[in-house]
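Written below as structure tokens is the structure these notes are about.
Protein chains: 6
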Amino acid sequence: MFRHTDYLQFDVKPEKADPVYARKLQELIGGAYGEMTVTMQYLFQGWNCRMEGKYKDLIMDIATEEIGHVEMLATMVARLLEGAPATESTKAAAADPVVAAVMGGMDPQQAIVAGGGAMPQDSNGVPWNGRYIVASGNLLADFRANVAAEAQGRLQTARLYNMTDDPGVKAMLKFNLARDTHHQNLWLAAIEELQADGLEGVVAPNALLDEEATEHATDLWHLSDGEFSSSGGWANRLAPDGARQMGFLADPQPLGNKASAPAPDPKLYATYDGAKGDPASAALGTEKGMMGKIKDALDPDET
Amino acid sequence: MFRHTDYLQFDVKPEKADPVYARKLQELIGGAYGEMTVTMQYLFQGWNCRMEGKYKDLIMDIATEEIGHVEMLATMVARLLEGAPATESTKAAAADPVVAAVMGGMDPQQAIVAGGGAMPQDSNGVPWNGRYIVASGNLLADFRANVAAEAQGRLQTARLYNMTDDPGVKAMLKFNLARDTHHQNLWLAAIEELQADGLEGVVAPNALLDEEATEHATDLWHLSDGEFSSSGGWANRLAPDGARQMGFLADPQPLGNKASAPAPDPKLYATYDGAKGDPASAALGTEKGMMGKIKDALDPDET
Amino acid sequence: MFRHTDYLQFDVKPEKADPVYARKLQELIGGAYGEMTVTMQYLFQGWNCRMEGKYKDLIMDIATEEIGHVEMLATMVARLLEGAPATESTKAAAADPVVAAVMGGMDPQQAIVAGGGAMPQDSNGVPWNGRYIVASGNLLADFRANVAAEAQGRLQTARLYNMTDDPGVKAMLKFNLARDTHHQNLWLAAIEELQADGLEGVVAPNALLDEEATEHATDLWHLSDGEFSSSGGWANRLAPDGARQMGFLADPQPLGNKASAPAPDPKLYATYDGAKGDPASAALGTEKGMMGKIKDALDPDET
Amino acid sequence: MFRHTDYLQFDVKPEKADPVYARKLQELIGGAYGEMTVTMQYLFQGWNCRMEGKYKDLIMDIATEEIGHVEMLATMVARLLEGAPATESTKAAAADPVVAAVMGGMDPQQAIVAGGGAMPQDSNGVPWNGRYIVASGNLLADFRANVAAEAQGRLQTARLYNMTDDPGVKAMLKFNLARDTHHQNLWLAAIEELQADGLEGVVAPNALLDEEATEHATDLWHLSDGEFSSSGGWANRLAPDGARQMGFLADPQPLGNKASAPAPDPKLYATYDGAKGDPASAALGTEKGMMGKIKDALDPDET
Amino acid sequence: MFRHTDYLQFDVKPEKADPVYARKLQELIGGAYGEMTVTMQYLFQGWNCRMEGKYKDLIMDIATEEIGHVEMLATMVARLLEGAPATESTKAAAADPVVAAVMGGMDPQQAIVAGGGAMPQDSNGVPWNGRYIVASGNLLADFRANVAAEAQGRLQTARLYNMTDDPGVKAMLKFNLARDTHHQNLWLAAIEELQADGLEGVVAPNALLDEEATEHATDLWHLSDGEFSSSGGWANRLAPDGARQMGFLADPQPLGNKASAPAPDPKLYATYDGAKGDPASAALGTEKGMMGKIKDALDPDET
Amino acid sequence: MFRHTDYLQFDVKPEKADPVYARKLQELIGGAYGEMTVTMQYLFQGWNCRMEGKYKDLIMDIATEEIGHVEMLATMVARLLEGAPATESTKAAAADPVVAAVMGGMDPQQAIVAGGGAMPQDSNGVPWNGRYIVASGNLLADFRANVAAEAQGRLQTARLYNMTDDPGVKAMLKFNLARDTHHQNLWLAAIEELQADGLEGVVAPNALLDEEATEHATDLWHLSDGEFSSSGGWANRLAPDGARQMGFLADPQPLGNKASAPAPDPKLYATYDGAKGDPASAALGTEKGMMGKIKDALDPDET
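As given, the protein sequences belong to chains E, A, H, Y, Z and U, one line each in that order.
Reading the first sequence from the start, the letters are residues 1 to 303 in the UniProt record's numbering.
Reading the second sequence from the start, the letters are residues 1 to 303 in the UniProt record's numbering.
Reading the third sequence from the start, the letters are residues 1 to 303 in the UniProt record's numbering.
Reading the fourth sequence from the start, the letters are residues 1 to 303 in the UniProt record's numbering.
Reading the fifth sequence from the start, the letters are residues 1 to 303 in the UniProt record's numbering.
Reading the sixth sequence from the start, the letters are residues 1 to 303 in the UniProt record's numbering.
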């Protein structure tokens with residue numbers, strides 16, 4: 001269960017309106033690596049965590065913080081839109097190229113749909129969606145996704161930091177940059193601890209390592225003609241998992257047969273010359289199983 | 001420019017058809033962490049890479065391999081659908097619960113739309129889309145996303161490995177597991193090398209570290225009441241970036257003022273009691289700038 | 001079955017082209033509350049209506065009108081784009097900031113894809129989709145969605161009305177505003193009549209009211225620290241459904257236990273310390289049922 | 001800023017696993033009218049509310065409650081999946097039709113992607129997205145959308161209530177039904193209060209009522225041949241807004257001219273016979289304005 | 001403007017319910033090549049058509065027919081769901097594998113969301129969206145898309161025809177197959193007539209044929225190692241446009257330089273070793289143009 | 001399996017940066033008819049092709065070429081963004097209307113997300129998705145879709161050709177136009193050859209032509225009041241398939257009964273007056289079948 005205070009985690013007071021920038025900030029709200037993503041990603045990871053204790057509590061602490069980041073950014077967007085020329089008529093825009101440029105560069109839905117507020121979408125107006133998040137239950141795989149998300153998030157924040165001169169906006173972004181730095185450190189530290197606690201290894205998941213085709217788990221296949229991929233350490237070093245030597249396959253050849261689709265079911269009307277013969281007819285569910293035997297016994301005519 | 005050989009990277013010969021499993025394999029083709037994602041993610045990263053040399057060549061080698069993985073999986077799906085009861089009539093399904101179950105569990109579009117083939121979508125039939133990938137130009141941020149993608153991909157492959165008994169399918173998945181293991185090692189090695197080469201640090205991007213609000217870059221805010229998040233190493237250790245001591249803020253308080261949206265533009269018809277006064281009217285683009293001064297000088301009446 | 005006349009329901013003659021406004025009008029065509037939404041929402045409601053008679057006929061009358069509204073707006077967009085500088089070269093745009101602003105503010109797909117026409121998408125270019133509509137079969141729930149849609153639609157139309165000076169555009173919008181006013185009245189009147197006819201009550205659906213946990217159907221839970229939510233009438237009045245007194249829970253406490261996910265299936269590779277023991281193994285479909293008994297009787301070795 | 005307690009708002013303990021039902025519950029999590037929608041809808045409405053006081057505080061109280069509802073449902077889904085035959089091999093499914101049916105009816109991503117947990121998507125696996133919500137700043141329009149959302153939500157919950165026998169699931173749904181009943185009452189009461197406070201009227205927005213084409217704001221256009229739409233009260237009564245008499249237009253005729261697109265820009269390559277003459281060339285932004293005059297004065301040759 | 005009659009274009013009376021088939025029929029309603037697509041595609045083509053006369057009238061005739069096809073299919077779906085075990089409890093499903101199979105194979109939203117009706121989505125529950133249609137203004141390009149849509153539509157209808165034994169369903173599909181046959185003929189005839197009327201040629205658009213790089217408009221590039229692509233007529237015949245001889249490039253070599261991204265803007269934080277020097281700084285909009293000269297003249301210090 | 005060379009198929013060297021044009025080029029990369037679409041469409045068609053030989057090899061040759069076209073366009077976009085004022089601060093934009101216009105017209109994600117590179121999305125920023133492609137297995141239906149895709153693609157390329165003066169961009173587009181011309185010719189030639197080889201006819205699929213309702217496969221239904229659709233050849237000529245005479249139905253009447261939804265399941269809570277009686281209860285899966293008989297025999301009380 002959640003509780004809310006009306007006070008923001010950090011101040012969000014722009015010096016003046018900037019509706020074009022308000023559009024760009026949408027990337028940090030509803031973009032694939034925006035705050036809605038980390039909010040929902042961490043919430044679902046926490047709810048789906050299979051162990052009580054420090055990892056779950058860490059996830060829920062940060063998840064709860066992130067909801068407040070969406071709040072900060074949404075409030076900032078509303079303030080950046082104050083006094084924006086959203087409803088200036090066409091005539092004003094035609095007369096003044098700066099008005100025209102500003103109105104052309106705005107997110108029109110911030111005015112038409114939200115009445116001067118933020119939307120749950122990115123800087124191109126594409127709505128946030130649930131496929132942006134991952135919560136797999138495997139904490140190594142998920143914490144890596146979290147490090148990646150915080151890295152992309154801080155990168156985008158840094159880029160946006162250079163696109164404004166507003167000291168109020170910059171103050172908020174400095175706070176966000178700092179939190180993104182700390183969150184990168186937190187998830188990296190948590191990965192180290194997962195491994196130190198013996199819960200996970202280097203490769204995710206820490207399973208099937210003997211069962212996989214280990215002879216294919218060592219070499220980089222050289223399939224593009226750039227000549228330098230063999231000069232990286234990865235072409236000849238002990239692998240990060242410590243379990244194998246990394247190598248380089250300079251002239252890789254296909255190991256499989258020709259790709260081909262089987263003869264088609266004639267009632268699906270694929271174009272077909274018959275060269276592969278008739279399609280197979282026995283398949284899972286059509287073959288005789290236990291149930292078929294019972295049916296045959298009771299009423300052999302009905303099948 | 002690309003070239004193609006008809007031979008598959010590895011063999012894909014199921015022992016028999018399994019249309020329900022063919023649906024599940026769609027997750028590895030068109031899911032958020034499927035092969036279409038890593039294909040497009042690595043291609044765009046390579047095309048957008050700002051340095052010639054080993055990193056770009058590594059990216060393009062792996063990207064090119066991944067197109068072939070989509071090919072393998074699509075071919076496997078077509079073969080798993082051979083002889084599937086796609087066009088069995090309703091009567092047959094009603095008579096035999098196994099046929100009904102199989103037909104109910106299939107992806108109907110594999111039959112109706114693709115005529116017994118794979119689709120560029122996930123196991124729930126949601127189409128693959130371009131927001132699944134990231135190619136930011138920052139190699140540290142991107143390689144972390146690559147490690148995360150390979151980890152989620154191997155995890156999903158491992159789960160699917162346990163959902164089949166077909167030795168042919170298992171053979172292909174063993175190959176895929178091995179490549180996913182190696183690709184995790186490759187991206188981890190590349191991250192180490194980026195840092196060793198002095199091109200990136202621990203925090204992405206390696207910039208604005210002094211300019212951000214460093215006093216907020218050290219503490220975990222305890223916002224959920226689980227009592228164990230302070231017991232992780234992350235609550236009191238040197239941060240992974242080596243630049244600061246990590247701490248724990250046990251009773252965090254908001255640092256900002258109350259969240260509130262400003263007075264609205266009356267022509268946007270927000271419900272408003274007037275308590276905040278009139279909305280601001282001067283905004284970026286409406287104030288007098290250079291152009292305004294010229295206009296005033298030439299024709300002061302026209303504004 | 002439908003018939004069409006080439007004559008528009010109302011005139012759509014802009015005085016002059018305005019390509020930036022043509023983009024904004026897309027919100028009324030393909031936005032979440034645009035005319036495509038009410039068209040499809042009412043059509044599916046009508047087709048799915050379970051009673052012949054006045055309600056179904058009302059729905060189909062309005063649904064059929066709305067197709068004509070999409071037509072009006074699409075035609076208006078094409079006319080607003082006439083003479084737009086869609087194919088002016090870059091050089092012209094660079095030389096004239098107003099041309100640049102206009103071209104920057106246009107929907108590029110109206111030129112590149114539609115050749116100077118409307119698209120089935122909103123003002124940010126996001127395509128209309130079928131999840132925007134609802135047709136549940138419960139007319140109270142659906143008519144409320146219709147009132148809401150007409151209210152949002154009229155609100156957006158009113159905002160757009162203030163963004164143009166073109167008398168032709170304004171004339172069309174005056175017609176649309178009037179129809180949206182009337183449609184709000186119509187759906188509100190229809191809701192009153194549903195209740196007067198005894199077909200529905202105040203709460204939708206009019207069912208399970210005794211079976212639900214009625215002790216939790218009366219109080220507002222105070223979970224945000226704003227101090228005024230208790231000062232609304234809703235904190236102490238007879239509920240609109242006339243069936244209960246509304247109250248205020250000033251200091252709500254969780255009624256449930258701790259949230260936790262159960263022990264995981266080991267073959268799904270969640271990170272797990274074993275503290276919850278082994279996962280459950282009996283589940284729907286795996287337990288022995290009638291069929292299992294038959295199988296056991298016939299061939300106990302084969303399971 | 002938000003805080004979280006690990007205790008759930010209400011208990012969620014299913015008696016036993018039911019993976020098919022776990023899929024259906026996704027509709028209440030990530031469907032268009034699920035708990036993610038009301039969570040985000042109310043949060044954005046609260047953040048975008050233009051008045052401090054009881055309305056904003058009401059919105060934030062309910063918004064904060066709804067995050068906890070997502071939590072309850074996500075936890076319930078994880079528990080319903082415990083012991084589900086997610087990784088049973090194909091052989092087991094082929095042998096037992098009930099296992100096959102269960103596995104066919106599951107959401108495959110709950111196993112493959114989430115490792116036995118909930119996903120932010122609906123019962124067909126389509127991800128939740130930000131276009132599901134509306135927060136317009138006009139409280140009448142938004143509260144109507146809220147009533148509609150709670151009505152659809154309670155309707156779907158009631159349907160799901162009839163699809164299970166599990167007493168634990170039914171207990172949670174009884175709580176949810178009660179909250180949905182109360183929330184419908186709350187938003188209806190808030191609408192009454194908005195009107196009583198003189199902040200809004202019956203038609204949203206309460207503006208442009210004189211400026212719209214009032215002669216078209218009274219009649220139902222009879223465009224479908226069902227004969228009963230004239231027999232509803234709406235064909236002849238005082239309108240709910242009290243401002244006009246409602247009527248019925250039995251044989252409506254188009255008021256506009258023929259729909260037609262204008263002559264095309266030849267560089268857009270529309271198929272065109274030239275019958276409408278050449279396309280217009282002067283448009284907003286290309287006509288001579290102030291800037292053009294300056295340019296002409298300075299360098300008449302350069303245009 | 002449109003009018004509607006309650007009578008269906010053709011009868012839709014299934015002999016009995018079949019909820020699994022009701023799901024499959026969704027492909028013909030809201031799939032990428034379903035009736036919603038051709039409805040909207042033809043409507044937007046008609047509204048955007050630049051010539052009055054036979055082509056526009058043909059488009060509008062067929063468009064109007066297609067709305068009625070959505071109606072037929074939606075009605076059929078509602079009837080196929082009558083008596084479907086949508087609200088049967090879990091216990092019934094667990095006891096009877098056929099009930100379980102049917103419920104597992106249904107579209108859950110047809111019950112939970114639509115209350116036993118059709119939805120605007122495809123057979124996997126993915127909502128119809130506006131990107132499925134094209135209306136470019138070029139009639140040759142669009143009529144080809146129409147032929148393609150009718151061909152895919154008839155193909156899917158034919159596949160679905162083989163998936164049912166219900167004589168009522170088959171009767172409706174026989175009508176739909178016939179209309180799809182006729183519509184293919186109609187669009188093919190219209191293409192012939194466009195060319196006979198001299199409005200379009202063989203290549204769309206009929207323009208820039210001299211300006212394009214004609215030396216690259218004749219050869220098939222052999223980039224995949226299958227050996228038979230040179231044995232088709234297309235490797236050595238007069239092209240269908242009658243304007244050039246078609247050839248085969250057996251060993252194609254890249255004509256361009258190495259792909260490479262330019263030096264990055266340092267404030268975008270791409271990983272960069274400086275090898276390409278500093279990034280360019282003069283770009284469209286930053287260089288001194290007319291406006292810059294004016295500004296310099298008036299206030300040289302301010303730039 | 002695929003291989004890659006770093007050399008581009010054709011040169012892509014813009015003379016100077018043009019970030020607004022870089023946004024427009026996204027349509028050719030990730031639009032519904034962009035290069036990602038033809039790449040994936042042809043790849044899936046090739047993988048799903050049921051015949052070895054010339055058709056499959058043709059498809060794979062062109063598919064492999066198209067991957068290289070995405071590469072060319074992505075590289076061009078990166079070069080067009082070089083030196084773009086992506087990170088110019090707000091102050092610069094406010095001072096210079098051309099800078100403002102350029103920044104307003106850019107795709108903000110090309111800077112914020114991609115760091116100055118291309119994205120897998122269209123010119124409105126909507127991500128490419130898998131529903132854009134079709135690969136049905138029926139080569140006639142698919143090759144028609146390919147002709148349509150190449151026609152729309154060339155049309156969009158031609159429009160973009162007129163939107164730039166940059167000789168480097170124009171050179172690349174001249175190459176693309178030529179390839180699109182050739183690909184239209186190729187697919188048209190392949191369709192002729194499919195028919196000459198006797199593999200397909202004129203109507204797709206070449207099946208069920210006798211079984212469909214042939215009496216409805218000949219007439220255009222005149223459902224829109226434009227008076228010229230009867231004047232086209234299609235109203236009175238031999239059909240393109242050579243199998244029937246085409247006609248015109250001037251005053252078409254519905255052939256079906258009234259559309260109506262059946263009586264609803266009461267537990268789905270549709271609004272219902274009972275006039276249609278009780279809903280049907282026997283449906284597929286609930287009736288007694290073989291399994292029911294077995295159950296009855298074993299335990300007649302349990303049903």
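Beta carbons: idealized from backbone N, C-alpha and C, even for Gly.
All values reported here derive from a predicted model rather than from experimental measurement.
{"Asked": "Out of Y/271, Y/265, Y/268 and Y/225, which has the shortest C-alpha to C-alpha gap to residue 252 of chain Y?", "Found": "Y/225"}
{"Asked": "What alpha helix (DSSP H) runs, 4 residues minimum, are completely inside the stretch 166-252 of chain E?", "Found": "167-196"}
{"Asked": "Can you tell me whether DSSP reads residue 55 of chain U as helix, strand or coil?", "Found": "helix"}
{"Asked": "Which residues in the same chain have their Cβ closer than 6 angstroms to the Cβ of residue 182 of chain E, if we skip the five residues on either side of it in sequence?", "Found": "none"}
{"Asked": "For the candidate residues A/84, A/240 and A/154, whose alpha-carbon lies nearest to that of residue 217 of chain A?", "Found": "A/240"}
{"Asked": "Considering only the beta carbon of each residue, do residue 74 of chain Z and residue 118 of chain Z sit closer than 9 angstroms?", "Found": "yes"}
{"Asked": "What is the rounded straight-line gap between the Cα of residue 282 of chain Z and the Cα of residue 10 of chain A?", "Found": "Any answer about residue 282 of chain Z is weak, because its pLDDT of 49 lies below 50 and its placement is not dependable; what the coordinates show is given next. Each residue's alpha carbon lies about 50 angstroms from the other."}
{"Asked": "Strictly under 9 angstroms for the Cβ-Cβ distance: is residue 302 of chain Y near chain A by that measure?", "Found": "Residue placement at residue 302 of chain Y is poorly supported in this model, since its pLDDT is 43, which falls under 50; the coordinates still yield a value, given next. Judged by the 9 angstroms Cβ criterion, residue 302 of chain Y is not in contact with chain A."}
{"Asked": "Pop quiz: residue 8 of chain Z and residue 1 of chain H are said to be a contact at Cβ under 8 angstroms. What is the actual Cβ separation, rounded to whole angstroms?", "Found": "6 angstroms"}
{"Asked": "Can you check DSSP and say which residues form a bridge with residue 127 of chain H?", "Found": "H/121"}
{"Asked": "Strictly below 9 angstroms CB to CB, what residues from chain A border residue 185 of chain H?", "Found": "Within chain A, no residue comes near residue 185 of chain H; the closest Cβ sits about 18 angstroms away, beyond 9 angstroms."}
{"Asked": "Our contact map puts residue 200 of chain H next to residue 178 of chain Y with C-beta atoms below 8 angstroms; I'd like the distance itself, whole angstroms only.", "Found": "Their Cβ separation, rounded to whole angstroms, is 19 angstroms, which puts residue 200 of chain H and residue 178 of chain Y out of contact at 8 angstroms."}
{"Asked": "Considering only their Cβ atoms, is the gap separating residue 31 of chain U from residue 109 of chain H smaller than 9 angstroms?", "Found": "yes"}
{"Asked": "I want to see whether chain E comes within less than 9 angstroms of residue 55 of chain U, judged by CB atoms only; does it?", "Found": "yes"}
{"Asked": "Quick one, are the C-beta atoms of residue 34 of chain H and residue 43 of chain H less than 9 angstroms apart?", "Found": "no"}
{"Asked": "Considering only residues of the same chain and omitting the five flanking positions on each side of residue 79 of chain H, which have a CB-CB separation below 6 angstroms?", "Found": "14"}
{"Asked": "I'd like the span of the alpha helix (DSSP H) that includes residue 44 of chain U, first residue to last.", "Found": "35-47"}
{"Asked": "Could you please give me the residues that DSSP links to residue 4 of chain A through a beta bridge?", "Found": "Z/224 and U/2"}
{"Asked": "Going by C-alpha to C-alpha distance, which of Z/104, Z/153, Z/56 and Z/228 sits closest to residue 69 of chain Z?", "Found": "Z/153"}
{"Asked": "What are the start and end residues of the alpha helix (DSSP H) that includes residue 161 of chain Y?", "Found": "139-161"}
{"Asked": "Leaving aside the five residues before and after residue 264 of chain E along the sequence, list all residues of the same chain whose C-beta is less than 8 angstroms from its C-beta, in chain order.", "Found": "270, 272 and 279"}
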